[in-house]
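Let me begin by presenting the structure, written as structure tokens, before commenting on it.
Number of protein chains: 2
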Amino acid sequence: MTVIFSKKCEYGVQAVLYMAAKDLGCVCPSDEIAQKLKIPKEFISKILQSLTESGIVGSKKGKSGGFMLAKHPSKIRLIDIVAAIDGLDLFNSCVLGFPNCSPDKPCPVHDKWGELRSKAYEMLSAETVDKFKQKTLNKIGKI
Amino acid sequence: MTVIFSKKCEYGVQAVLYMAAKDLGCVCPSDEIAQKLKIPKEFISKILQSLTESGIVGSKKGKSGGFMLAKHPSKIRLIDIVAAIDGLDLFNSCVLGFPNCSPDKPCPVHDKWGELRSKAYEMLSAETVDKFKQKTLNKIGKI
DNA sequence: CTTTAATCAGACAATTTAATCTGTTTTAGA
DNA sequence: TCTAAAACAGATTAAATTGTCTGATTAAAG
Chain G
1 MTVIFSKKCE
11 YGVQAVLYMA
21 AKDLGCVCPS
31 DEIAQKLKIP
41 KEFISKILQS
51 LTESGIVGSK
61 KGKSGGFMLA
71 KHPSKIRLID
81 IVAAIDGLDL
91 FNSCVLGFPN
101 CSPDKPCPVH
111 DKWGELRSKA
121 YEMLSAETVD
131 KFKQKTLNKI
141 GKI
Chain A
1001 MTVIFSKKCE
1011 YGVQAVLYMA
1021 AKDLGCVCPS
1031 DEIAQKLKIP
1041 KEFISKILQS
1051 LTESGIVGSK
1061 KGKSGGFMLA
1071 KHPSKIRLID
1081 IVAAIDGLDL
1091 FNSCVLGFPN
1101 CSPDKPCPVH
1111 DKWGELRSKA
1121 YEMLSAETVD
1131 KFKQKTLNKI
1141 GKI
């Protein structure tokens, strides 16, 4: 099982961080990304296609084509990738699955969880992919 | 999709909170719990059986039987229920799904996520189900 | 112009998780 | 003792997620 994001989302974030760690505007075929990150190639290809529709990633067809970031890495927040793939329900749904969990009908852990959820949201909103360049390069070298 | 716990785990925590909100030692048939919490009855029955094996819940067979807490509510932590159903991998797995994520091979967000994960673990370890009695009663009244 | 390597599109298969079904055993109470 | 209501056990189905396959389209390069 995954931690909080779907597999699609995990792989999507990995791929965007990977592209952000390369030279600006660099074109990456999905096969390269799949190999470097050990992700099934057809799967990451599909995910990158959906990120293309979301405007986070760009694509170039044909020989020597591939994917590239559609924006400057400093303009891509982690939350943008999550929102594009998994959506933001995660940050509005009840952590215990109670129906109609809301401030006026709070579940028992509403407040305790709310704090953590806000911190997570803030972190993902504050961090842009350019900030992870060095850490991503380190990690990729060790996969 | 669920937030972080599986549906089984969400329902398991709900059911234990429900029992903790009732009188001490009170016997609850799974049908009652299913109706009050709007959970499929065969499903919650299975979940309660597994919590019985884990020693968190006790059971009484036959007519006027049902489930009851096997320990005093002040001795049941939220993390105990999570551990029994979903396990604790959640708190050791890479949030981005990178292979071999560890302090010496950290993923790009290892530190940022680590803080949040620790806080979540601490909260679930600190909170025992007796503390949610009033909030649970409030919520159940509004489902 | 042909070949090659890429995205793209959509169907399909496999796996995991969630939920249901069928039946057995147990026990309180009439 | 009989019946009803419950846990218990195991098989099965359904749904969602993950992963694969086939083929079409596109474009660079020889």
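Each protein sequence line maps, in turn, to chains G and A.
Counting along the first sequence from 1, when you hit position 67 you're at 67 in my numbering, and nothing is skipped either side.
My numbering runs 1000 ahead of the 1-based position in the second sequence.
All C-beta atoms, glycine included, are put in the ideal place defined by N, C-alpha and C.
Proximity of residue i and residue j at Cβ, strictly below 8 Å
i: leucine 1090 of chain A; j: valine 3 of chain G; result: yes
i: leucine 1017 of chain A; j: phenylalanine 1132 of chain A; result: yes
i: isoleucine 1085 of chain A; j: serine 1059 of chain A; result: no
i: valine 1027 of chain A; j: glycine 1065 of chain A; result: yes
DSSP-derived helix/strand/coil call for residue i
i: lysine 139 of chain G; result: helix
i: lysine 1119 of chain A; result: helix
i: serine 102 of chain G; result: strand
i: threonine 2 of chain G; result: coil
i: lysine 61 of chain G; result: coil
i: cysteine 28 of chain G; result: strand
i: glycine 1066 of chain A; result: strand
Backbone CA spacing between residue i and residue j [nearest angstrom]
i: glycine 140 of chain G; j: proline 1099 of chain A; result: Residue 140 of chain G is actually isoleucine in this sequence, not glycine. So the two alpha carbons sit approximately 10 Å from each other.
i: glycine 1055 of chain A; j: proline 1040 of chain A; result: 23 Å
i: lysine 1007 of chain A; j: leucine 96 of chain G; result: 9 Å
i: cysteine 1218 of chain A; j: glycine 1087 of chain A; result: The question about residue 1218 of chain A has no answer, for chain A in this structure spans 1001 to 1143.
i: isoleucine 1081 of chain A; j: valine 109 of chain G; result: 14 Å
i: lysine 1119 of chain A; j: cysteine 1101 of chain A; result: 19 Å
i: glutamate 32 of chain G; j: glutamate 127 of chain G; result: 25 Å
i: cysteine 107 of chain G; j: aspartate 1111 of chain A; result: 30 Å
i: proline 1103 of chain A; j: leucine 137 of chain G; result: 15 Å
i: lysine 71 of chain G; j: alanine 34 of chain G; result: 22 Å
i: aspartate 1023 of chain A; j: threonine 1052 of chain A; result: 19 Å
i: phenylalanine 1005 of chain A; j: valine 57 of chain G; result: 31 Å
i: glutamate 1042 of chain A; j: methionine 1001 of chain A; result: 21 Å
i: lysine 135 of chain G; j: alanine 83 of chain G; result: 23 Å
i: lysine 1075 of chain A; j: lysine 1105 of chain A; result: 37 Å
Beta-carbon proximity list for residue i, same chain, < 6 Å, skipping 5 on both sides
i: serine 1045 of chain A; result: Ser1030
i: proline 73 of chain G; result: Ala20, Val129 and Asp130
i: tryptophan 1113 of chain A; result: Val1095
i: phenylalanine 1067 of chain A; result: Cys1028, Leu1048, Val1057 and Ser1059
Neighbourhood of residue i by C-beta, 7 Å cutoff - its chain only, sequence neighbours within 5 removed
i: serine 1125 of chain A; result: Arg1077 and Ile1079
i: glycine 1025 of chain A; result: Met1068
Other residues of its chain near residue i: CB distance less than 8 Å, five sequence neighbours each side excluded
i: leucine 1037 of chain A; result: Tyr1011, Gln1014, Ala1015, Tyr1018, Ile1044, Ile1140 and Ile1143
i: tyrosine 121 of chain G; result: Ile79 and Phe91
i: serine 1093 of chain A; result: Cys1101
Nearest-angstrom beta carbon gap, residue j and residue i [assumed within contact, 8 Å]
i: leucine 1069 of chain A; j: methionine 123 of chain G; result: Wrong, their Cβ atoms sit about 36 Å apart, outside the cutoff.
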